[in-house]
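Comments concern the structure below.
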């Protein structure tokens, strides 16, 4: 058992969301059919809330998907005829690029060290690349880009399809959706809901490319094409296979709160306050360092601290005895780094107490 | 709002499961990492319970998957080099066959009318077919087969891979897992849990075929091969992508109850009692008929009644005013049929009251 978790996903859930789940049980939301009018109604509220919260333009499609892997596959399958280009700054961006190889397409990669950010605007992207993939906030390193850069990439390559992963930063909603064609995030990271629901935005341009490829290749009914997904989504807000009904309900309720402007601006303020606390903590001790040295590419949402292997172990143990879950990173940076989710479901006092325990 | 639902999936949830969800909130199960030891522990309990409850042989692998569609794709991708054979007796068996075409393989089909069952043992299956697909309890018509037939198919085609869909009948556990190579079911139908978790059993034979195909075709790391799934599952009982943590927890708890022998035999008895009530109801009135005429191929788990279009409409409305959800079937049999899930989460009195309302 624990009192607070700083794990970036599945992440700490707020008491409001827990109340929503209890309410969902009482309202029998878990027992309704995914083809019923009750489902259609609240799924429509969810989609409407998503559109409002993220200012999704009218000519973009909104879909529910099951996992990042499903999203990677869908995005590549339906927009890449031959070649893709991927910016890779570690694990998740690399997975996206790998998926491309796995479905027998070509992928060119611009790869940087784990604590660095790609030089998006001065990288040579071949004319033949049909799609550019970017991870906005690379959860495996906490290196992040910004909305202005995405806009510049869009202006530099107006003919290409741009796909952006905003997992672990979606709620900040600092994005102009018009500046990319495909956007994706999961609810268990960025929106601190239980695991297993992903949201995907698809531009008209990407949608039309998918129809072109579909006609060229198969021209028979397909379960998970953008077009078949849209047919289910249009009017009834349904999905091809039985979705995670509970999470769709919870997302509606969560975004209802987010759409209260005061609430979101408060959360943003609190997130920055918590980030400042972490920054002060790092500056006031000679032990912990930021894993990402350059503050301009450092995420505020997920933060990675560096220390010696033994001390990281001790810090994790110390937190544990104080009922706090905090983890080291994975892969080869694992032994020497701590990862801290700075999501709004974690209260300022909880963060303060954790920093005292370190 | 409603008091009882006869929808086959997502289906009515028992009060025990609702208590488990409330407990999961308190125990912070929704907030734990899918890579944590807490997850590993209860996921192992879940897998152990599955193995015990279904008597899964030691040389079979057990996997979590996301949806039927994912399962269809996985099963075909990793066992079919060229040719598949599908028994089709309506919607779900047909979807399985269609998936094969979508991934550019050949499929031969034995198709029967919707209320009929395939003649499994006297159908000519080409020598070239590598896999035979069977839907044990076709939820779209309620036509079912039996364990003895599956055994005979196995004995007739010992060299082929046999894949059996036991969605909507899994809990009855009348299967000898040795008699097929791949088995699948979802928790929201057969085990009356919330939606979004599927379980898959894979024999050593099917697993080895997947390695043969993987080496032949790609020989690079793949997200969702049987082998990569097994690597995550072995020891830690984890999944490739973030799973539905809540449902894995609920499945553990549900199977704990099922493993109490008295409980399951009581439920079986009650299911047959409820089926008898429906049979009596049909025999004692001249209005409703069974959609499937032959009692030998009629499922006890999901039942379909036939009537005139107007009367079916009225019956649905009448139930609605009594807070009961009951649906007509879909596709071309929709207007003239009612579907009744006969799952143990629906109590005998609830069924009696529904029949009175018809």
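Protein chains in written order, with the numbering used here: chain A, 7 to 364; chain Y, 7 to 364. Heads up, the beta-carbon is just placed ideally off N, CA and C, and yes, glycines get one too.
Selected residue, minimal CA-CA separation from residue i, among the options
i, options, result
"residue 14 of chain A", "A:319, A:214, A:337 and A:173", "A:173"
"residue 342 of chain A", "A:350, A:109, A:8 and A:321", "A:321"
"residue 147 of chain Y", "Y:130, Y:100 and Y:109", "Y:100"
"residue 205 of chain Y", "Y:161, Y:150, Y:59 and Y:167", "Y:59"
"residue 158 of chain A", "A:140, A:165, A:141 and A:127", "A:127"
"residue 369 of chain A", "A:316, A:280, A:363 and A:315", "Any question about residue 369 of chain A goes unanswered here, given that chain A covers just 7 to 364."
"residue 237 of chain Y", "Y:18, Y:160, Y:7 and Y:70", "Y:70"
"residue 119 of chain Y", "Y:299, Y:241 and Y:77", "Y:299"
"residue 9 of chain Y", "Y:325, Y:337 and Y:28", "Y:325"
"residue 257 of chain A", "A:48, A:36, A:114 and A:334", "A:48"
"residue 136 of chain Y", "Y:28, Y:355, Y:51 and Y:160", "Y:160"
"residue 222 of chain Y", "Y:50, Y:87 and Y:66", "Y:87"
"residue 251 of chain A", "A:50, A:79, A:20 and A:18", "A:50"
"residue 287 of chain A", "A:203, A:140, A:76 and A:363", "A:363"
"residue 271 of chain Y", "Y:138, Y:350, Y:308 and Y:314", "Y:350"
"residue 124 of chain A", "A:94, A:109 and A:107", "A:94"
"residue 34 of chain Y", "A:234, A:198 and A:113", "A:198"
"residue 177 of chain Y", "Y:166, Y:334, Y:306 and Y:235", "Y:306"
"residue 66 of chain A", "A:72, A:76 and A:54", "A:54"
"residue 169 of chain A", "A:152, A:180 and A:208", "A:208"
"residue 171 of chain Y", "Y:302, Y:113 and Y:77", "Y:77"
Exposed unless 16 or more other CB atoms sit within 10 angstroms - verdict on residue i
i, result
"residue 63 of chain Y", "exposed"
"residue 26 of chain A", "buried"
"residue 143 of chain A", "buried"
"residue 360 of chain Y", "buried"
"residue 132 of chain Y", "exposed"
"residue 210 of chain Y", "exposed"
"residue 7 of chain A", "exposed"
"residue 261 of chain Y", "buried"
"residue 304 of chain A", "buried"
"residue 61 of chain Y", "exposed"
"residue 266 of chain A", "exposed"
"residue 189 of chain A", "buried"
"residue 231 of chain A", "buried"
"residue 366 of chain Y", "As shown, chain Y starts at 7 and ends at 364. That puts residue 366 of chain Y outside it, with no answer to give."
"residue 28 of chain Y", "exposed"
"residue 277 of chain A", "buried"
"residue 109 of chain Y", "exposed"
"residue 255 of chain A", "buried"
"residue 253 of chain Y", "buried"
Within 8 angstroms, strictly: CB atoms of residue i and residue j
i, j, result
"residue 376 of chain A", "residue 212 of chain A", "Within the shown structure, residues of chain A are numbered from 7 to 364, placing residue 376 of chain A beyond reach of any answer."
"residue 244 of chain Y", "residue 40 of chain Y", "yes"
"residue 145 of chain A", "residue 98 of chain A", "yes"
"residue 56 of chain Y", "residue 44 of chain Y", "no"
"residue 103 of chain A", "residue 247 of chain Y", "no"
"residue 90 of chain A", "residue 139 of chain A", "yes"
"residue 121 of chain Y", "residue 149 of chain Y", "yes"
"residue 175 of chain A", "residue 215 of chain A", "no"
"residue 317 of chain Y", "residue 293 of chain Y", "yes"
"residue 297 of chain Y", "residue 315 of chain Y", "no"
"residue 200 of chain A", "residue 16 of chain A", "yes"
8 angstroms Cβ cutoff, residue i in contact with chain A
i, result
"residue 251 of chain Y", "yes"
"residue 15 of chain Y", "yes"
"residue 145 of chain Y", "no"
"residue 11 of chain Y", "yes"
"residue 306 of chain Y", "no"
"residue 299 of chain Y", "no"
"residue 34 of chain Y", "yes"
"residue 24 of chain Y", "yes"
Per-residue contacts from residue i into chain D (C-beta, under 8 angstroms)
i, result
"residue 248 of chain Y", "No chain D is present in this structure, whose protein chains are A and Y."
C-beta neighbour in chain Y for residue i, strict 8 angstroms
i, result
"residue 28 of chain A", "yes"
"residue 37 of chain A", "yes"
"residue 19 of chain A", "yes"
"residue 51 of chain A", "no"
"residue 138 of chain A", "no"
"residue 259 of chain A", "no"
"residue 8 of chain A", "yes"
"residue 31 of chain A", "yes"
Open item on the list: Could you tell me which whole alpha helix (DSSP H) segments of length 4 or greater appear in the segment 44 to 125 of chain A?
Closed with: Taking 4 residues as the minimum length, the alpha helix (DSSP H) runs contained wholly in the segment 44 to 125 of chain A are 74 to 85 and 97 to 108, in order along the chain.
Open item on the list: So within the segment 210 to 283 of chain A, which uninterrupted alpha helix (DSSP H) runs reach at least 4 residues, ignoring any that extend past its ends?
Closed with: Those alpha helix (DSSP H) runs which fall completely within the segment 210 to 283 of chain A and span 4+ residues are 210 to 223, 232 to 239 and 251 to 264.
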